[in-house]
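Heads up: the structure comes next, in structure tokens.
In the numbering used here, the protein residues as written are 378 to 951.
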């Protein structure tokens, strides 16, 4: 299978690019940096030096293995996190002063946090926001007032925390926190030092055993839509996953959830009663009364409506507590909750504006570059892919109505980990793509690649093999597809219905440049060079050169979307 990938590339200078070795050279950045040694200090590169040191805490998937081993010993895991926090010079009690909003879920938790943070920032509060993963730069995970902390600030606080942990590791058996644990500690440190009014904290994986769950007294908790994901860690049924997510509930702390499947909802109710946590279900977004008509959302897609309703309840509850003791009576009665319907209310003007102004890169995001429109969404579960397909078909149809000729649809896809790529690809079939392109989450085949996007938890060989497997899955789905003709899809003047051509590339940049065919000026930078492709591969791109418009859906992985944004939005990498 590796040979097929190598045939994309034309030998240069008489050197025969042999099959797997040639692929590894093209994706050489991941091989070259596949090391846990701290990068040497380079003058003027203090931020990158910090990132390279941070990357030493990626230990070949051991972080996930630690979580799996610790599932039956959650208290031990949380005590270990508490120990790391204390070694960094912080106490768990200090986190109480961050006035935290704690949010978990399978789909939509990041968007919910983004809505919530924007609403409260619109009210004038100084906000902290911790999320994962990052798209282009690690510092995106830690935001103050909606913006990633600066490189200088990240570097300053990174070395403060890392230095304290490194100085004390000898007395603790040489232990250091894994990558996500370290960033969680760093976020708490930054928010305390920067004196935020509140911190919106997104759970990493699950809830009960997640390292963010050392939070003792959040002001309010939220659960977005639940589904099947991270099954090796959280369990393989919706009930097991709901149990894990409900682990963020705290005694007496208000909690809200979007409507869930009944089996999941029953578990959440049981968890809330067990923990003595008041729990309410959010109403539909159209139940909120406004003077200016339906609420407008800054994030596209029908699935964002439930996230927005959850954000309204979270921010409303936080504001009631912040207003002071005389406003406590406005809070719901915990004795009458246990999964009851939350009351809708009339959102204030700041709430209305906050929802409309929310931005969250890489989620239902559209970038237009002349004849090429990129649709980017980091959907990586079956439920989120269903939402992505609905959004893409509607958005692409609207964009194509003004097209002056034929529209070519292109899929750029990758999926990682244990996720069911075949199931997600099957959901994408109704989009009727003319071309399907697959590549690993390697930004470019050059050693100059940004250290922010290096991943040592999976080998290059595994990444490339997964791409070829994805291509094969797509072809099999096509072979089984219903033969019924469909000349018009969503009202778009698509090319004649036929089998999708497929192509695999060794990195994101080579895939994007092939798709763009020189029609995107951002991708024609002479510094962004990739090896030339064989004539047979170039011939496949004829529809891309001839079409009036090209619509590109980038999906399947947030890491893929982040790598694409690094090239499509160069400002995000500065």
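Cβ coordinates follow ideal geometry from the N, Cα and C atoms, glycine included.
Going by DSSP, which residues form a beta bridge with residue i?
i           : result
residue 479 : 578 and 598
residue 926 : 784
residue 879 : 813
residue 484 : 602
residue 743 : 752
residue 717 : 657
residue 632 : 598 and 656
residue 932 : 754 and 790
residue 507 : 519 and 578
In this structure, does DSSP put residue i in helix, strand or coil?
i           : result
residue 872 : Per-residue confidence for residue 872 stands at a pLDDT of 43, beneath the threshold of 50, marking its modelled position as unreliable; the derived number appears in the next sentence. DSSP places residue 872 in coil when its eight states are reduced to three.
residue 501 : coil
residue 525 : strand
residue 758 : coil
residue 400 : Caution is warranted here: a pLDDT of 32 is assigned to residue 400, below 50, making its placement in the model unreliable, and no coordinate value can be reported.
residue 707 : At residue 707 the pLDDT is 48, less than 50, meaning the model places this residue with poor confidence; the figure from the coordinates comes in the next sentence. Reduced to three states, the DSSP call for residue 707 is helix.
residue 593 : coil
residue 836 : coil
residue 951 : coil
residue 615 : helix
residue 944 : helix
residue 413 : Unreliable positioning characterises residue 413 in this predicted model, as indicated by a pLDDT of 32, which lies under 50. The coordinate reading is nonetheless provided below. Residue 413: coil per DSSP, three-state reduction.
residue 534 : helix
residue 665 : coil
residue 727 : helix
residue 562 : helix
residue 519 : strand
residue 556 : helix
residue 722 : coil
residue 737 : coil
residue 626 : coil
residue 469 : helix
residue 433 : coil
residue 938 : helix
residue 957 : Residue coverage of the chain in this structure runs from 378 to 951, which leaves residue 957 outside it and unanswerable.
residue 818 : coil
residue 803 : helix
residue 391 : Low per-residue confidence applies at residue 391: pLDDT is 36, beneath 50, and the placement is therefore not dependable enough to give any value.
residue 671 : coil
Using a 10 Å radius around the Cβ and a threshold of 16 neighbouring Cβ atoms, would you call residue i buried or exposed?
i           : result
residue 671 : exposed
residue 549 : exposed
residue 453 : exposed
residue 581 : buried
residue 689 : buried
residue 420 : With a pLDDT of 44 at residue 420, under the threshold of 50, the modelled position of that residue is not reliable, and the figure given next carries that caveat. Under this definition residue 420 is an exposed residue.
residue 816 : buried
residue 775 : exposed
residue 739 : buried
residue 967 : Residue 967 lies beyond the stretch modelled for the chain, which goes from 378 to 951, so this question has no answer here.
residue 352 : It is not possible to answer for residue 352, since the shown part of the chain is limited to 378 through 951.
residue 509 : buried
residue 902 : exposed
residue 865 : Residue placement at residue 865 is poorly supported in this model, since its pLDDT is 43, which falls under 50; the coordinates are not used for a value here.
residue 801 : buried
residue 621 : buried
If we cut at 8 Å on Cβ distances, does residue i have a partner in chain D?
i           : result
residue 638 : Of the protein chains in the structure, only one exists, and it is not chain D.
Do residue i and residue j have their C-beta atoms closer together than 8 Å?
i           : j           : result
residue 480 : residue 601 : yes
residue 529 : residue 504 : no
residue 754 : residue 920 : no
residue 628 : residue 652 : yes
residue 633 : residue 719 : yes
residue 644 : residue 659 : no
residue 592 : residue 497 : no
residue 585 : residue 475 : no
residue 793 : residue 768 : no
residue 758 : residue 932 : no
residue 665 : residue 579 : no
residue 680 : residue 722 : no
residue 813 : residue 879 : yes
residue 900 : residue 791 : no
residue 478 : residue 573 : no
residue 926 : residue 748 : yes
residue 850 : residue 798 : yes
Should residue i be listed as close to the ligand GDP, given that the test is whether its C-beta is under 7 Å from any heavy atom?
i           : result
residue 651 : The model depicted lacks the ligand GDP and carries no ligand whatsoever.
Legend entry - Sufficient close CB pairs (3 or more, under 8 Å) joining the region 534-553 to the region 424-433: yes
Legend entry - Meets three-Cβ-pair contact criterion under 8 Å: the region 488-495 and the region 551-560: no
Inset, instruction - Could you say if the region 726-739 and the region 668-688 meet the contact criterion of at least three C-beta pairs nearer than 8 Å? - result: yes
Legend entry - Stretch pair the region 845-856 + the region 456-466: three plus CB contacts closer than 8 Å: no
Inset, instruction - Please determine if the region 756-763 and the region 778-789 are in contact, where contact requires at least 3 C-beta pairs separated by less than 8 Å. - result: no
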